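Student: As they're listed, the protein sequences go chains A and B. Each residue of the first sequence is one higher than the one before, starting from 0 at the first, in numbering that gives the first Met the number 0. Each residue of the second sequence is one higher than the one before, starting from 0 at the first, in numbering that gives the first Met the number 0. The C-beta atom is built at its ideal place from N, Cα and C for all residues, glycine as well. This one's a predicted model, so the numbers in the text were calculated from it and none came from an experiment. This structure is in structure tokens; I'll ask about it shortly.
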Amino acid sequence: MSRVLPWAGLALLLALPLSGIGNYPLHLVIMCLLWSYVYTSWSIMGRLGLVSFGHGAFLGIGAYAVVMLWNHFGVSPWLGALAGIALSVLVALVIGFPCFRFKIVGHYFALVTLALSEVTRLIIVALRDQTGGSLGATPNTALAQGATGSLAAVQFSSKIVWFYAIVAFWLAALWVWQRVDRSMTRLALEAISQEEDAAASIGINVTKSKLFVTLVSAVMTSVGGVLYAQYQLYVNPETVSGIGISLQMVFGVIAGGMYVMLGPTVGAVFTLLLAEGLRLALGEHFKQFPALDLAIYGMLLVLFIIYMPKGILGAALEAWRRRKAGRAPG
Amino acid sequence: MEVFDIFLLEAVVNGILLGGLLALLSLGLNLIFGVIDVVWICYAEVIMIGMYAVYALHVQLGWPLVAAMAAGVAMVAAFGALMHQFVIRPVLSAEPINQLLVTGGMLFFLQAAATLAFGIEFKNLGVKLPPIALGEMSFSLPRIIAFVVALAGVAATYLFLTRSYLGTAIRAISQDRQIMPLMGVDANRIFVVTSALGGALAGLGACLLVLQYDIHPAIGLSFGPITFLICVLGGLGNMLGGLVAAFIFAQFISVGGFFFHIEWGYVIAFAFFIVVMFWRPQGILGGK
Chain A
0 MSRVLPWAGL ALLLALPLSG IGNYPLHLVI MCLLWSYVYT SWSIMGRLGL
50 VSFGHGAFLG IGAYAVVMLW NHFGVSPWLG ALAGIALSVL VALVIGFPCF
100 RFKIVGHYFA LVTLALSEVT RLIIVALRDQ TGGSLGATPN TALAQGATGS
150 LAAVQFSSKI VWFYAIVAFW LAALWVWQRV DRSMTRLALE AISQEEDAAA
200 SIGINVTKSK LFVTLVSAVM TSVGGVLYAQ YQLYVNPETV SGIGISLQMV
250 FGVIAGGMYV MLGPTVGAVF TLLLAEGLRL ALGEHFKQFP ALDLAIYGML
300 LVLFIIYMPK GILGAALEAW RRRKAGRAPG
Chain B
0 MEVFDIFLLE AVVNGILLGG LLALLSLGLN LIFGVIDVVW ICYAEVIMIG
50 MYAVYALHVQ LGWPLVAAMA AGVAMVAAFG ALMHQFVIRP VLSAEPINQL
100 LVTGGMLFFL QAAATLAFGI EFKNLGVKLP PIALGEMSFS LPRIIAFVVA
150 LAGVAATYLF LTRSYLGTAI RAISQDRQIM PLMGVDANRI FVVTSALGGA
200 LAGLGACLLV LQYDIHPAIG LSFGPITFLI CVLGGLGNML GGLVAAFIFA
250 QFISVGGFFF HIEWGYVIAF AFFIVVMFWR PQGILGGK
């Protein structure tokens, strides 16, 4: 039963666009999946004690690399994505290596990465002649009159194409999550996050293990930035880099549950539904209170962390397991 | 070439003035971290609340500026104590990431609350102080006031911590959080006092900032990251290190902003920070 359930759920998800679901609901589902992919990418390193508050940097690098190369040099987003990935790897190495080599952990690591995400935003804003600054940038359209998609320019007007593409990336991220979860690297990193010196003394290469998951996570996140830019066809320094989005990733994962595979996904769905739900509930009043959703969101996060530190899915699974254990004989 | 040097000198002096202010801003954060072992990611937003408090009392309610500022400092100090009691205290024994995150949640909340209450428009006190000319250079009076008051605040905090009974208890608990309660010190009371002191420093910083800059809900983001970097560069919890780091960073921002655009000043400061992290990861004055 519990083996069939995930596959049945996946089949239902894949059949969703065929059900004649409207454009806007489909857009919401795509955004849920896109953020699920990004949050899962973050959690690959976050759950191993490497709490990065700077993943907005990688998201921003991916998003701006494709758009800038396409708009200014006509470079195909396929190559632009590679450039973004290369730049993300470089940044992850430049930040990660000294942090891990010199044991900058915990608060220090969080603050350094937080500053990194903000500096990325500042660089994007400072290059306003090229990037459009705070106003954001729109990729030049590659679609001629009547055309619905261009594979070379990775622009598709049909949401269904994006739905399947992003489902594929999301599934790939879950696969990577599970691979890391079952690997030696994870055991090594768990040992490291408990007691770094002891781990080193039994022959674990601390710096190498940490760099490995950091690079995996950074590359996946910058691909998320590419997907975001190509799907939305608009990038803005506030939405793809900086402190706001970086903290949002961490919160989404914590809200859903950091230590379970689908936790980040649940977190992404929850935060998106919360924003949409508030928008619907407030209706006409929504425009009068521009930040009410953010205020409630911030308050809920504080309450979540105090009262449900394992997240929604983590807490639910634990309750379910406890019930099962209670029923078992003996 | 002569003129060029004068302007460069002006940028250097402005950097020194900015350094005093940054030192004050990072001192409160540093103090709270050193004693309670929690980093308030929302510290810059607490400063922003103080700026709005001064604005609301002075401009909207028509209080005299000095009274508004005094009340502002008191309000932010009370806010610091409340924040510790209701937000930090419940997660004191939780994982460090959760402690960081509750203060991150407060960042969103405070930003949004300020937007709800005051809107996103830029506000200012409407107080204009004349610049001071010194030869061919000119300096803004608010900056000089900010520098002097900030250093006085730093010195007062130092004296409080080293000369008073309560200050000694605060320093003692920052050295060993487990032993001091056994000696009859009520740790939570010390934490609340420290948070209130951190809040008061934020309030003082707010009074100095509000003389120089317009207020808007996202203003915390413009100096928050810099205060984090100052604290890390100085060695988290190391107040003297923070002081030195504040002046170094201020030079990068001021002189870097003089040659390029102001954002590049921040970028250069960050690059410098990364280089120093390779060289002295425990902070410039941190011992190992």
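#1: Hey, does A/G95 have any beta-carbon neighbour from chain B nearer than 8 Å?
#2: For B/I31 and B/S194, which I take to be in contact (beta-carbon distance under 8 Å), what is that distance rounded to the nearest angstrom?
#3: Distance cutoff 8 Å, beta carbons only. Does A/Y107 sit that close to anything in chain B?
#4: Should B/F259 be labelled buried (16 or more other beta-carbon atoms within 10 Å of its own) or exposed?
#5: Determine the chain E residues that contact A/M298 at a beta-carbon separation under 8 Å, and present them in chain order.
#6: Between the Cα of A/W169 and the Cα atoms of A/C31, A/A143, A/M248, A/V215, which residue gives the shortest distance?
#7: Going by the DSSP bridge assignment, what does A/G148 pair with across the sheet?
#8: Please confirm if B/Y265 has its CB atom under 8 Å from at least one CB of chain A.
#9: Closer than 7 Å to a non-hydrogen atom of the ligand SAM - does that hold for the CB of B/A154?
#10: With a cut-off of 8 Å on the beta carbons, I'd call A/G61 and A/G251 a contact; round off their distance for me.
#11: Let me make sure I understand the geometry here. Which of A/S245, A/T264, A/L271, A/S149 has the alpha-carbon closest to that of A/R120?
#12: The region 118 to 145 of chain B: which residues have C-beta closer than 9 Å to a C-beta of chain A, in chain order?
#13: For B/L210 and A/G73, what's the separation of their Cα atoms in angstroms?
#14: To be precise: take each residue of the region 110 to 136 of chain A, compare its Cβ to all Cβ atoms of chain B, and keep it if any distance is under 7 Å. Which residues remain?
#15: Mind listing the chain B neighbours of A/L246? Cutoff is C-beta to C-beta under 9 Å, in chain order.
#16: Taking its Cβ as the centre, do 16 or more other Cβ atoms sit within 10 Å of B/M74, making it buried, or is it exposed?
#17: Give the DSSP-derived three-state secondary structure of B/F222 in the structure shown.
#18: Which chain B residues are close to A/V249, counting only those with a beta carbon under 9 Å from its beta carbon?
#19: Just confirm the distance between the C-beta atoms of B/V90 and A/I304, as a whole number of angstroms; I'd bet it's less than 8 Å.
#20: Which of the three DSSP states is assigned to B/V184 in this structure?
#21: From this set, B/A201, B/L200, B/R176, B/F78, which residue's C-alpha is nearest B/I189's C-alpha?
#22: Establish whether the CB of A/V301 and some CB of chain B are separated by less than 8 Å.
#23: Tell me whether B/K305 sits in a helix, a strand or coil according to DSSP, three-state version.
#24: The beta strand (DSSP E) spanning B/L133 covers which residue range?
#25: Compile a chain-ordered list of the residues in the region 251 to 264 of chain A whose CB is closer than 9 Å to at least one CB of chain B.
#26: Between B/Y54 and A/R278, what straight-line distance do the alpha-carbon atoms span, to the nearest angstrom?
#27: May I have a chain-ordered list of the alpha helix (DSSP H) segments no shorter than 4 residues that lie completely inside the region 245 to 297 of chain A?
#28: Are the Cβ atoms of B/L24 and B/T226 separated by less than 8 Å?
#29: If you run the structure through DSSP and keep just helix, strand and coil, what is A/V93?
#30: Around the Cβ of B/M0, are there at least 16 other Cβ atoms within 10 angstroms (buried) or fewer (exposed)?
#31: Give every residue of the same chain whose Cβ lies closer than 7 Å to the Cβ of A/I311, excluding the five residues on either side of it in the sequence, and list them in chain order.
#32: Is the region 247 to 259 of chain B close to the region 16 to 23 of chain B, with three or more CB pairs under 8 Å?
#33: In chain A, which residues lie less than 8 Å from B/M276 when you measure between Cβ atoms?
#34: Quick one: Cα of B/G240 to Cα of B/G234, how far?
#35: If you draw a straight line from the alpha carbon of B/G197 to that of B/A76, how long is it in whole angstroms?
#36: Assuming B/G202 and B/V58 make a contact with CB atoms under 8 Å, what is their CB distance in whole Å?
Tutor: Taking the coordinates as given:
#1: So, not an interface residue.
#2: Taking a contact as a CB-CB distance under 8 Å, the pair B/I31 and B/S194 counts as one, their CB atoms being some 6 Å apart.
#3: Yes - at least one Cβ of chain B is within 8 Å of the one on A/Y107.
#4: Looking at its Cβ environment, which holds fewer than 16 other Cβ atoms inside 10 Å, B/F259 is exposed.
#5: Looking for chain E here will not work: the only protein chains present are A and B.
#6: Nearest C-alpha to A/W169: A/C31.
#7: For A/G148, which the question treats as bridged, DSSP gives the partners A/F155.
#8: It does: the Cβ of B/Y265 has a partner Cβ on chain A nearer than 8 Å.
#9: No copy of the ligand SAM occurs in the structure displayed, which carries no ligand at all.
#10: No, A/G61 and A/G251 are not in contact; Cβ-Cβ is about 18 Å, not under 8 Å.
#11: Cα-wise, what sits closest to A/R120 is A/S245.
#12: With the criterion set as a beta carbon lying under 9 Å from some beta carbon of chain A, the members of the region 118 to 145 of chain B are G118, I119, in sequence order.
#13: Between B/L210 and A/G73, the C-alpha separation is close to 47 Å.
#14: The residues in question are L110, V111, L113, A114, E117, V118, L121, I122, V124, A125.
#15: Think of a sphere of 9 Å around the beta carbon of A/L246: the chain B residues whose beta carbon falls inside it are I40, L100, G103, G104, L106, F107, in chain order.
#16: Counting every other CB atom within 10 Å of its CB across the protein chains shown gives B/M74 a total of 16 or more, marking it as buried.
#17: In the structure shown, B/F222 sits in a helix (DSSP, three-state: H, G or I).
#18: Residues of chain B whose Cβ lies closer than 9 Å to the Cβ of A/V249 are, in chain order, I96, L99, L100, G103.
#19: Here B/V90 really is in contact with A/I304; their C-beta atoms are around 7 Å apart, less than 8 Å.
#20: The answer is coil: DSSP assigns B/V184 none of H, G, I, E or B.
#21: When only C-alpha atoms are compared, the closest one is B/R176.
#22: At least one CB of chain B lies nearer than 8 Å to the CB of A/V301.
#23: The question about residue 305 of chain B has no answer here: the residues shown for chain B are numbered 0 through 287.
#24: For B/L133, the enclosing beta strand (DSSP E) covers residues 131 to 133.
#25: Listed by position along the chain: I253, M257.
#26: Roughly 31 Å separates the two Cα atoms.
#27: Complete alpha helix (DSSP H) runs here, min 4: 262 to 281.
#28: At the C-beta level, B/L24 and B/T226 come within 8 Å of one another.
#29: Assigned with DSSP and collapsed to three states, A/V93 falls in helix.
#30: Residue placement at B/M0 is poorly supported in this model, since its pLDDT is 42, which falls under 50; the coordinates still yield a value, given next. Looking at its Cβ environment, which holds fewer than 16 other Cβ atoms inside 10 Å, B/M0 is exposed.
#31: Counting only Cβ-Cβ distances below 7 Å, and skipping sequence neighbours, we find A254, G255, G256, V265, F269.
#32: The count of Cβ pairs closer than 8 Å, one atom from the region 247 to 259 of chain B and one from the region 16 to 23 of chain B, reaches three, so the stretches are in contact.
#33: Per Cβ cutoff of 8 Å: P97, C98, F101, I103, V111.
#34: Going by the C-alpha atoms only, they are around 6 Å apart.
#35: Distance between the alpha carbons of B/G197 and B/A76: 7 Å.
#36: Between B/V58 and B/G202 the Cβ distance is about 17 Å, and since that is not below 8 Å, they are no contact.
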